[in-house]
Amino acid sequence: MKLFTSSIIAAAAASLVQACTINIRVARDSTVAYNGIMCDNNIPCNSIPFGLKNDLLTFKGNRDYERVLLGFDLPTTKPISKCLLKIPTPIEVATTGEYTLTATVTDNKWNETAVTGANKDIGGTQIGSVNIVAGQKPGSIDVTSACKNAKDDKLSLFVDTSFPMVRFNSIQSGSPAIFSLDITY
Ligand SMILES: *[C@@H]1O[C@H](CO)[C@@H](O)[C@H](O)[C@H]1NC(C)=O
């Protein structure tokens, strides 16, 4: 009986260790325009930095194209066993149906005050996607391999919509409902 009890305690302790998940909020975020269209005052949209705005936008129209760009500072704690990109509830979605958000790992050579479509390489590796029904709480995208392979404990991700315009709160909005990572050790 004693042995039985202590093995239960050991199992409970082990599961407590496994259950260590922390939430890391995005450290830098921006809308990046990768289109050839003009914004106000005939300025090319892809030369305008949007990083200090209160919102983030992704949209795929005929000519228009915006992506959300996210930068995370990861804790130095290793090893990471699981890493999920948690999608906040959008503040606007231009559909009542279903849409897909895709995450792509990209380089960390950008900053929030200056990043534009003209100075940020669009390249990257798609890592996962999530289907969302407009009006319902979005889920998350498994980005475990990206967190494990992060260079200098930094991780940059593009978030791309399949078609409709989707708008989120940015860091500058002051809202708690912004992009974050659930990291499990
Ligand atoms: C921010 O990014 C811009 C555009 O890539 C670059 O010119 C600038 O030097 C960067 N600033 C800092 C402080 O890294």
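Just so you know, the sequence shown maps onto residues 2 to 186 in the numbering used here.
Every residue gets a Cβ at the ideal spot worked out from N, C-alpha and C, and that includes glycine.
Checklist line | Beta-carbon proximity list for VAL167, same chain, < 8 Å, skipping 5 on both sides | finding: One-based indexing of the sequence shown puts residue 167 at position 166. LEU58, THR59, PHE60, PRO91, GLU93, VAL94, ALA95, TYR100, LEU102, listed in sequence order.
Check: Does DSSP classify ASN55 as helix, strand or coil?
Finding: Position 54 of the sequence shown, counted from the start, is the residue given in the question as residue 55. Three-state DSSP puts ASN55 in coil, outside helix and strand.
Check: Does the distance from the CB of ARG64 to the CB of ASN47 come in under 8 Å?
Finding: Locating residue 64 in the sequence shown gives position 63, where the first residue counts as 1. Locating residue 47 in the sequence shown gives position 46, where the first residue counts as 1. No, the Cβ-Cβ distance between ARG64 and ASN47 is not below 8 Å.
Notebook entry, point to check: Just the Cα atoms here: how many angstroms apart are THR126 and ILE44?
Noted result: In the sequence shown, residue 126 corresponds to position 125, counting from 1. In the sequence shown, residue 44 corresponds to position 43, counting from 1. For THR126 and ILE44, the distance between alpha carbons rounds to 30 Å.
Notebook entry, point to check: Cβ atoms of GLY140 and VAL131: under 8 Å apart, would you say?
Noted result: Locating residue 131 in the sequence shown gives position 130, where the first residue counts as 1. Locating residue 140 in the sequence shown gives position 139, where the first residue counts as 1. Taking 8 Å as the cut-off, the Cβ atoms of VAL131 and GLY140 count as close.
Notebook entry, point to check: What is the rounded straight-line gap between the Cα of ARG26 and the Cα of ILE38?
Noted result: As a first step, residue 26 is located in the sequence shown; it is residue number 25 there, counting from the start. As a first step, residue 38 is located in the sequence shown; it is residue number 37 there, counting from the start. C-alpha separation (whole angstroms): 32 Å.
Notebook entry, point to check: alpha helix (DSSP H) containing ALA34: first to last residue?
Noted result: Locating residue 34 in the sequence shown gives position 33, where the first residue counts as 1. No alpha helix (DSSP H) contains ALA34, which is instead part of the beta strand (DSSP E) from 29 to 34.
Notebook entry, point to check: By Cβ distance, which residues of its chain are closer than 7 Å to ALA151, with the 5 residues on each side in sequence left out?
Noted result: Your numbering for residue 151 matches position 150 in the sequence shown. Residues LEU75 of the same chain have their beta carbon placed closer than 7 Å to that of ALA151, with the five preceding and five following residues left out of the count.
Check: Per DSSP, ARG26 forms a beta bridge with which residues?
Finding: In the sequence shown, counting from the first residue as 1, residue 26 sits at position 25. Looking at the DSSP output, ARG26 shares a beta bridge with SER181.
Notebook entry, point to check: Does the beta carbon of ALA34 fall short of 7 Å from some heavy atom of ligand 1?
Noted result: Residue numbering aside, residue 34 sits at position 33 when the sequence shown is read from its first letter. No, the Cβ of ALA34 stays beyond 7 Å of every heavy atom of ligand 1.
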